[in-house]
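Residue numbers (my numbering): 461 to 836.
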Ligand SMILES: [Zn+2]
């Protein structure tokens, strides 16, 4: 994937943030510190790449233009994430920046949407990473006009790191732009937020996601439309659906929700046992980890969200189609009689318990029975 071309597609799709950032960059009035805030899969990370290119492209003004056909030297390096003045900071496990950060970068060069290099390990943006930023910004840009620092998943910055960052933001170097990318801006210190210009990102439109899947993942048109309807504004989710493991997880979530709507208590208890891996006679060896189960519950929440929008008559034709395909139209109709917000609340509570290390099978069987309004 041409990362910069992908970033440009996102800039076009983000109809508020895209033109706003382009205007600020072109006018030379870009604030030195920004927060890119918005839901997962809205293209915030790619937009940081686009911003780095906009600030350093050599094709501006008279002279050769720079575009997808022929990139200038600066954009070529930004496209491969190798520009010396574009600093990408990712959370890594404590004490592992020397090995961890290059590992993440290597993986992003191969697949910008990859993640999970440190499967199930706690990661953070620690003070050592912020010191790297401060050191990089203490020098003039090597070859570009303006250094760009993008701190991804900035909400994972420790308090110590945020305090160090705050000092930098109090007197940011004029030759730099610092971008904090996060889904959870309220987890940043208020003192940090107050010094940053916040750019809000919207969920992407289904059309934009379908177009992206076609252009960058060579997905056939009709399939792209179907996946985009399932993606619910989240490009990362749309791309995940190309992955068989995730697709299987989605199908399992749809199967569980089907059983819930049908009120099949016995089957649900069996399903909970099997998902938790405790079943003595396992028909299928699905081997769901705790994280997989959490993901499954998140997919269930998305399905119940679709039920709510269906009841309110707010589904697009493609969404109606994929929902009927996954669950069955008669179940979608039956679900309208349920306390759907209550269902979502129950699943969210179970998700919370899982994150607090509650027993997997117990949590699932309680949840599934609770959703059918039955108890042991
Ligand atoms: Zn360029």
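Positions of the beta carbon are idealized from the N, C-alpha and C atoms, including for glycine.
Per-residue DSSP class, three states only, for residue i
i, result
"residue 842", "The structure shown has nothing for residue 842, since the chain only spans 461 to 836."
"residue 584", "strand"
"residue 547", "strand"
"residue 677", "helix"
"residue 823", "helix"
"residue 651", "helix"
"residue 817", "coil"
"residue 774", "coil"
"residue 749", "coil"
"residue 479", "helix"
"residue 759", "helix"
"residue 486", "helix"
"residue 658", "strand"
"residue 739", "Summary for residue 739: the model assigns pLDDT 47, below 50, so the residue's position carries little reliability, and this model does not support an answer."
"residue 617", "strand"
"residue 768", "helix"
"residue 831", "helix"
Opening and closing residue of the alpha helix (DSSP H) in which residue i lies
i, result
"residue 500", "Segment: none, residue 500 is in no alpha helix (DSSP H) and carries neither H nor E."
"residue 786", "777-787"
"residue 732", "725-736"
"residue 716", "704-722"
"residue 609", "Premise fails: residue 609 lies in the beta strand (DSSP E), 607-611, not in any alpha helix (DSSP H)."
"residue 567", "557-570"
"residue 509", "504-516"
"residue 535", "533-539"
"residue 527", "Careful: residue 527 lies outside any alpha helix (DSSP H) and carries neither H nor E."
"residue 664", "Careful: residue 664 lies outside any alpha helix (DSSP H) and carries neither H nor E."
"residue 576", "Note, residue 576: premise wrong, no alpha helix (DSSP H); not H, not E."
"residue 698", "695-700"
For residue i, the nearest candidate out of the options (CA to CA)
i, options, result
"residue 783", "726, 688 and 706", "688"
"residue 490", "781, 607, 584 and 717", "607"
"residue 614", "589, 570, 602 and 635", "589"
"residue 710", "758, 805, 795 and 788", "758"
"residue 727", "716, 647 and 682", "716"
"residue 515", "499, 503, 501 and 532", "532"
"residue 481", "513, 501, 462 and 572", "513"
"residue 781", "685, 695 and 752", "685"
"residue 475", "530, 812 and 664", "664"
"residue 634", "821, 609, 713 and 712", "609"
"residue 572", "628, 760, 472 and 538", "538"
"residue 651", "622, 545 and 820", "622"
"residue 600", "545, 618 and 552", "545"
"residue 594", "632, 818, 693 and 749", "632"
"residue 465", "484, 478, 528 and 703", "528"
"residue 549", "526, 642 and 472", "642"
"residue 556", "534, 583, 540 and 566", "583"
"residue 504", "797, 678, 694 and 823", "694"
"residue 779", "690, 755, 616 and 486", "690"
"residue 735", "827, 518 and 598", "827"
"residue 723", "671, 586 and 833", "833"
"residue 718", "674, 681, 787 and 653", "787"
Ligand 1 heavy atom lying under 7 Å from the CB of residue i
i, result
"residue 519", "yes"
"residue 656", "no"
"residue 530", "no"
"residue 485", "no"
"residue 513", "yes"
"residue 465", "no"
"residue 471", "no"
"residue 610", "no"
"residue 793", "no"
"residue 534", "yes"
Residue range of the unbroken beta strand (DSSP E) whose run includes residue i
i, result
"residue 473", "No beta strand (DSSP E) contains residue 473, which is instead part of the alpha helix (DSSP H) from 463-473."
"residue 636", "636-642"
Residue i beta carbon near ligand 2 (any heavy atom closer than 7 Å)
i, result
"residue 638", "Ligand 2 is not part of the structure shown, which contains ligand 1 as its ligands."
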